[in-house]
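First to last, the sequence lines map onto chains A and B.
Each step along the first sequence adds one to the number in the numbering used here, with nothing skipped, and position 100 is 100.
Each step along the second sequence adds one to the number in the numbering used here, with nothing skipped, and position 58 is 182.
Worksheet: the structure to be examined is printed underneath.
Number of protein chains: 2
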Amino acid sequence: MTETSTHFKVPVGSSEGAACLGPDGSVAHVTRTLQMINGRWKLPILFRLYAEPSMRTSQLKRDMPGISQKMLTQHLRELERSRLIERRDFGEQPPRVEYKLTEVGRALMPVLTAAKEFSIRHAA
Amino acid sequence: MTETSTHFKVPVGSSEGAACLGPDGSVAHVTRTLQMINGRWKLPILFRLYAEPSMRTSQLKRDMPGISQKMLTQHLRELERSRLIERRDFGEQPPRVEYKLTEVGRALMPVLTAAKEFSIRHAA
DNA sequence: CCGTATCCCAATAGATACTG
DNA sequence: CAGTATCTATTGGGATACGG
């Protein structure tokens with residue numbers, strides 16, 4: 001099990017009243033998006049890949065002082081599973097692996113920007 | 125300590141390279157917003173208060189089967205501290221307390237909607 | 001009705017060591 | 001260089017009991 005699930009699961013069952021309120025079935029959808037970026041280093045990774053066309057594993061690691069190999073790989077895998085980033089293994093020796101944002105990953109940026117704007121304007 | 129902080133803290137120090145990438149100092153800001161809604165029952169609560177002008181504690185509890193008194197109160201406190209909701213104690217006997225979204229809370233909705241739209245369009 | 005206090009468990013993240 | 005495997009520490013969430 002290399003999955004990081006957090007507590008951001010949809011409240012209980014499927015047709016729980018809890019999961020389907022707001023405009024419509026909002027909670028579950030919002031939760032799904034938040035899941036994707038929930039993790040200590042997900043945003044730092046995403047923003048880096050947003051700024052650069054692509055980055056090697058070691059570049060990412062150097063850019064984020066404090067992250068461990070384990071957490072880096074783990075979060076990269078999760079972001080990959082979420083289809084936000086793409087992994088490319090060049091099959092060279094020594095190993096060369098690069099990551100880049102997918103179209104989906106780029107489509108997420110407006111959401112993050114909205115969250116950022118909100119923080120700037122309304123946060124204490 | 126009644127604070128629920130989760131791991132969504134900004135990566136390490138203050139002027140860490142990690143915290144300030146993207147368009148500008150995005151990570152920290154986005155993180156701050158995500159903090160506010162990070163918690164098992166935060167979204168369910170917010171969406172309920174979005175649908176209703178105000179709700180009593182017991183109403184919220186009834187509407188969210190599975191939530192415990194403890195978690196309800198805890199999350200309500202945190203949302204209050206984040207200025208997303210307002211608490212009103214009528215000082216009656218038996219107790220009567222009502223919660224409602226603040227203006228800030230309403231301002232958050234577009235962000236949640238953006239996240240929801242993203243999920244609908246791009247999630248597997 | 002509304003809130004607090006405990007105890008417990010599950011899930012994450014960090015540190016460290018090891019492999020191709 | 002890139003990734004895996006362990007072990008540990010922390011913490012958020014659930015259950016339960018109690019109090020104003």
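Positions of the beta carbon are idealized from the N, C-alpha and C atoms, including for glycine.
Residue i and residue j closer than 8 Å at C-beta
{"i": "residue 242 of chain B", "j": "residue 33 of chain A", "result": "yes"}
{"i": "residue 184 of chain B", "j": "residue 169 of chain B", "result": "yes"}
{"i": "residue 90 of chain A", "j": "residue 150 of chain B", "result": "no"}
{"i": "residue 211 of chain B", "j": "residue 204 of chain B", "result": "yes"}
{"i": "residue 220 of chain B", "j": "residue 180 of chain B", "result": "yes"}
{"i": "residue 167 of chain B", "j": "residue 225 of chain B", "result": "no"}
{"i": "residue 163 of chain B", "j": "residue 202 of chain B", "result": "yes"}
{"i": "residue 194 of chain B", "j": "residue 29 of chain A", "result": "no"}
Which residues DSSP lists as bridging residue i, in chain order
{"i": "residue 99 of chain A", "result": "A:55, A:87"}
Beta-carbon separation (whole angstroms), residue i vs residue j, contact threshold 8 Å
{"i": "residue 76 of chain A", "j": "residue 99 of chain A", "result": "6 Å"}
{"i": "residue 84 of chain A", "j": "residue 105 of chain A", "result": "4 Å"}
{"i": "residue 110 of chain A", "j": "residue 247 of chain B", "result": "The pair is not a contact, with the Cβ atoms about 15 Å apart (cut-off 8 Å)."}
Q) Between the segment 37–63 of chain A and chain B, which residues of the former have a C-beta closer than 9 Å to a C-beta of the latter? A) 37, 38, 39, 40, 41, 43, 44, 46, 47, 48, 50, 51, 63
Q: Please name the residues in the segment 96–110 of chain A whose beta-carbon is closer than 7 Å to at least one beta-carbon of chain B, in chain order.
A: The segment 96–110 of chain A vs chain B, Cβ under 7 Å: 104, 107, 108, 110.
Q) the segment 73–88 of chain A: which residues have C-beta closer than 7 Å to a C-beta of chain B, in chain order? A) Result list: 83.
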